[in-house]
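From first to last, the protein sequence lines are chains A and B.
Using UniProt numbering, you'd call the opening residue of the first sequence number 1 and step up by one each time.
Using UniProt numbering, you'd call the opening residue of the second sequence number 1 and step up by one each time.
We put the beta carbon where it would ideally sit given N, CA and C, even for glycine.
Before any comments, here is the structure.
2 protein chains.
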Amino acid sequence: MSIYNFSAGPAVLPQPVIAQIQAELPSFQDSGMSILEISHRSNLFEQVLHDAEQDLRDLLTIPDNYHVLFFQGGGTLQFTAAPLNLARHHRIGLLDSGHWAQRAAAEAERVGTKVHVLASGAETNFKQLPILARPVDQNLDYVHLTTNNTIEGTMTTALPNTGRVPLAADMSSNFLGESYQVSDFGLIFAGAQKNLGPAGLTIVIVRDDLIGHVDNLPSMLDYQLFAAKNSMFNTPPVFAIYAAGLVLKWLKQQGGLDTMVARNHAKAALLYDFLDQSRLFTNPVKTSDRSTMNVPFITGNTDLDNQVIQDAQEHGLVNLKGHRLVGGMRASLYNAMPLAGVQALVDYLDNFEAHHR
Amino acid sequence: MSIYNFSAGPAVLPQPVIAQIQAELPSFQDSGMSILEISHRSNLFEQVLHDAEQDLRDLLTIPDNYHVLFFQGGGTLQFTAAPLNLARHHRIGLLDSGHWAQRAAAEAERVGTKVHVLASGAETNFKQLPILARPVDQNLDYVHLTTNNTIEGTMTTALPNTGRVPLAADMSSNFLGESYQVSDFGLIFAGAQKNLGPAGLTIVIVRDDLIGHVDNLPSMLDYQLFAAKNSMFNTPPVFAIYAAGLVLKWLKQQGGLDTMVARNHAKAALLYDFLDQSRLFTNPVKTSDRSTMNVPFITGNTDLDNQVIQDAQEHGLVNLKGHRLVGGMRASLYNAMPLAGVQALVDYLDNFEAHHR
């Protein structure tokens with residue numbers, strides 16, 4: 001039986017990448033050493049790091065005035081690092097799209113940043129994205145937004161107009177899964193464990209004029225230092241960078257970002273179309289704000305939801321349990337989820353509905 | 001040809017561990033998913049995390065009043081986290097044993113901590129350990145020491161008497177490679193990439209009465225929060241914890257810490273005995289302060305040093321280049337380095353000496 005893993009993250013990775021990691025695990029590049037054992041100062045790893053950065057630059061057409069940095073600590077550490085590095089006047093704006101935007105705001109406040117909520121989806125219980133109603137105060141250091149909301153199932157594609165104030169985007173859950181112009185942002189960061197690789201790696205893409213203005217930051221939170229040291233101030237997460245590098249090469253082989261985004265839209269459409277015609281299952285999100293990455297849905301009956309999740313597992317459709325904050329089901333359709341997996345899910349749900357409505 | 005990897009870290013791992021990772025990479029515990037793809041909230045991973053903690057507790061006989069926490073960011077992030085969590089009065093003491101102790105001090109100062117150097121090895125160019133000459137000011141929050149100095153090749157086994165002031169130990173490079181009583185410390189931390197596993201994981205062991213006294217810390221630096229959330233406030237480095245867990249099980253199978261320490265002492269003695277009788281190679285460190293983990297040595301001639309390193313590589317003895325700050329050679333003899341590797345190194349050096357003296 002095929003297993004389709006709908007986990008919101010850590011999540012499914014491309015099968016050829018897993019196979020390559022397995023094949024070369026005992027001896028990386030015929031070195032006689034595992035990738036787990038090689039020095040981060042070795043030529044072997046320097047090539048891995050260089051390729052990962054270059055492939056990412058190619059895939060996202062990252063302009064030369066942006067640094068690509070490799071961090072640890074997930075998006076959450078960047079919730080602290082972003083205001084420490086960029087919020088020189090200790091004032092940022094927030095587009096409150098739900099749980100992760102609020103988590104980012106809480107961390108910013110912990111380091112003394114005043115967070116101005118510019119718009120919130122709270123009135124709709126985050127079933128739609130916040131909408132900027134007024135011009136943005138041009139004295140803010142940046143405006144934080146979460147491009148994809150894994151829990152609420154919403155996604156931003158039309159960016160807000162913030163004037164000269166840079167956008168700082170937590171792109172963790174649709175990085176490389178949806179298309180954006182890097183030049184529209186001052187800062188992008190993303191935990192790897194959705195579309196890019198195993199947990200333990202965070203990508204930071206930051207415009208060079210925005211960094212280097214704050215002295216005496218803790219080294220592991222200092223964008224300028226990481227840029228100067230090529231992300232090697234201390235030992236980087238070698239294996240996670242290597243694995244992410246293989247995923248980046250796989251993305252290029254698939255045809256790059258446009259191909260992946262088109263596939264992701266087709267996968268999401270297949271599931272949303274089913275949900276919208278279903279008389280048992282519903283997705284609560286406003287149509288235009290729906291995520292192509294994470295699709296929450298419910299029957300309206302908790303017991304029935306649990307049965308859906310349980311039975312799905314027996315059909316090889318795993319990790320469909322919704323986030324504990326919202327319950328129900330959630331299907332995550334990241335890059336490595338094939339269309340066949342979504343089709344199998346729709347077929348299963350259709351069959352379940354026929355027997356339980 | 002056997003490859004023996006003398007890297008100071010990331011470093012050699014036990015071959016059976018590499019083999020097991022490889023074997024179960026495509027489907028962890030028959031789940032149909034790779035360990036790289038499973039949710040950190042899954043039962044599968046919860047068991048991994050639980051076992052890793054329990055095995056570590058067993059191996060080190062960690063008392064119940066100590067938390068075991070799993071962080072990212074290496075020892076360097078702990079250079080920031082330790083003072084933020086434990087230095088409530090912003091005053092710590094330092095035993096200055098060289099590069100890494102100084103790096104820790106610099107990070108502590110960046111977050112507003114006054115660092116008092118209690119003793120330094122600087123006068124001897126760190127060829128011996130700092131010696132406490134006076135009683136320690138009992139108002140310090142803690143005294144930082146580096147138990148093993150990878151660059152200088154020194155190691156502390158006799159701990160200083162600091163009275164009621166807790167010891168905070170950066171044990172990164174001899175964690176699980178030398179024997180200590182956890183109860184002698186208030187805090188122990190260690191990057192995994194020497195004796196424990198791949199890079200990207202840091203272990204923190206902290207006494208429970210020392211934490212929870214500081215509000216509003218950044219979450220990814222908050223010991224109390226990590227303790228409350230069982231190291232799962234956000235997505236932990238799943239693969240690195242899994243791999244470290246396998247190394248811990250391997251350590252238990254080898255007979256535990258006493259066995260490993262005895263082996264490490266035998267390995268180190270083999271190399272030091274050779275160096276001490278050699279008329280070409282010398283190790284500069286005071287005999288009583290020598291590390292069993294990292295053995296720096298030189299010929300006194302840089303060109304000859306380079307030849308030693310180059311020729312060694314052709315004999316399968318790799319990563320013998322000394323740290324860029326001190327040059328020469330360095331052989332790291334972590335747990336996973338077999339005695340046969342050290343014997344091969346000694347044989348090679350002996351042969352080299354016969355041809356080049």
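- The C-beta of Gln313 (chain B) comes no closer than 8 Å to any C-beta of chain A.
- Beyond the five residues adjoining it in sequence on each side, Asp51 (chain B) comes within less than 6 Å, by CB distance, of Gly245 in the same chain, given in chain order.
- Between Pro10 (chain B) and Thr202 (chain A), the beta carbon gap of about 19 Å keeps them out of contact (Cβ cut-off 8 Å).
- Distance between Ala104 (chain A) and Leu84 (chain A), taken at the CA atoms: about 12 Å.
- Selection B:Phe352, B:Gly341, B:Ala336 and B:Glu353 evaluated against Pro16 (chain B) yields B:Ala336 as nearest (Cα-Cα).
- The beta carbon of Ala87 (chain B) sits closer than 8 Å to the beta carbons of Ala108, Thr113, Asp141 and Tyr142 from its chain, once the five residues preceding and following it are set aside; these are given in chain order.
- Counting only runs of at least 4 residues, the stretch 36–89 of chain B fully encloses the following alpha helix (DSSP H) elements, listed from N- to C-terminal order: 43–60 and 74–86.
- Residue state for Gly245 (chain B) is assigned as helix, using DSSP reduced to three classes.
- Going by DSSP, Phe352 (chain A) is part of the alpha helix (DSSP H) stretching over Leu339 to His356.
- Annotation: Cβ neighbours of Met220 (chain A) in chain B (cutoff 7 Å, chain order): Gly73, Thr76, Leu77 and Thr80.
- In terms of Cβ geometry, Asp289 (chain B) and Thr80 (chain B) do not form a close pair [threshold 8 Å].
- Met33, Ser34, Ile35, Leu36, Glu37, Ile38, Ser39, His40, Arg41, Ser42 and Phe45: these are the residues of the stretch 33–59 of chain B whose beta carbon lies less than 9 Å from some beta carbon of chain A, given in chain order.
- Cβ-Cβ separation between Asp208 (chain A) and His89 (chain A): approximately 19 Å, too far for a contact (criterion under 8 Å).
- In this structure, A:Gly98 is the residue among A:Gly98, A:Leu36, A:Arg110 and A:Asp276 with its C-alpha nearest to the C-alpha of Val117 (chain A).
- Counting only runs that start and end inside the stretch 224–304 of chain B, the alpha helix (DSSP H) elements of at least 4 residues fall at 238–254 and 257–277.
- Close to chain A, meaning a Cβ-Cβ distance shorter than 7 Å, are the following residues of the stretch 195–213 of chain B: Pro198, Ala199 and Gly200.
- Ile3 (chain A) is positioned such that its CB atom lies closer than 8 Å to that of Met33 (chain B).
- Counting along the chain, His99 (chain A) sits inside the alpha helix (DSSP H) bounded by residues His99 to Arg110.
- The beta-carbon distance between Ala190 (chain B) and Met171 (chain B), rounded to whole angstroms, is 4 Å. This is short enough to meet the 8 Å contact definition.
- Listed along the chain, the chain A residues whose CB falls inside 8 Å of the CB of Gln310 (chain B) amount to none; the nearest CB is some 14 Å away.
- In terms of beta-carbon proximity, Gln224 (chain A) stays away from the interface with chain B, with every pair separated by 8 Å or more.
- For the pair Phe28 (chain B) and Gln193 (chain B), the Cα-to-Cα distance works out to about 23 Å.
- Sequence-distant partners of Leu13 (chain B) (beyond 5 residues in either direction) whose C-beta falls short of 6 Å from its own C-beta, in its chain, are Ala336.
- When C-beta atoms of the stretch 320–328 of chain A are compared with those of the stretch 299–308 of chain A, three or more pairs fall below 8 Å, so the two segments count as touching.
- Looking from the CA of Arg57 (chain A), the closest CA among A:Gln181, A:Gln343 and A:Leu221 belongs to A:Gln181.
- Per DSSP, the unbroken beta strand (DSSP E) holding Val204 (chain A) starts and ends at Thr202 to Arg207.
- The beta carbon of Val346 (chain B) sits closer than 8 Å to the beta carbons of Leu270, Leu271 and Phe274 from its chain, once the five residues preceding and following it are set aside; these are given in chain order.
- Under a criterion of Cβ atoms nearer than 7 Å, no residue of chain A is adjacent to Phe297 (chain B); the nearest Cβ is some 18 Å distant.
- Around the beta carbon of Glu123 (chain A), fewer than 16 other beta carbons sit within 10 angstroms, so the residue counts as exposed.
- When 8 Å is used as the limit between beta carbons, Arg330 (chain B) is near no residue of chain A, the shortest such separation being about 11 Å.
- For the stretch 229–244 of chain A, the set of positions with a beta-carbon nearer than 8 Å to some beta-carbon of chain B reads Phe233, Asn234, Thr235, Pro236, Pro237, Val238, Phe239, Ala240 and Ala243 in chain order.
- If you look at Val115 (chain B), you'll find it in the beta strand (DSSP E) that goes Lys114 to Ser120.
- Here the C-alpha atom of Asn301 (chain A) lies approximately 53 Å from the C-alpha atom of His213 (chain A).
- Between the alpha carbons of Asp30 (chain B) and Ser231 (chain A) lies a gap of roughly 36 Å.
- Residue-level contact check: Ser7 (chain B) touches chain A, since one or more beta carbons of chain A fall below 8 Å from its beta carbon.
- Thr287 (chain B) is classed as exposed because its beta carbon has fewer than 16 other beta carbons within 10 Å across all chains shown.
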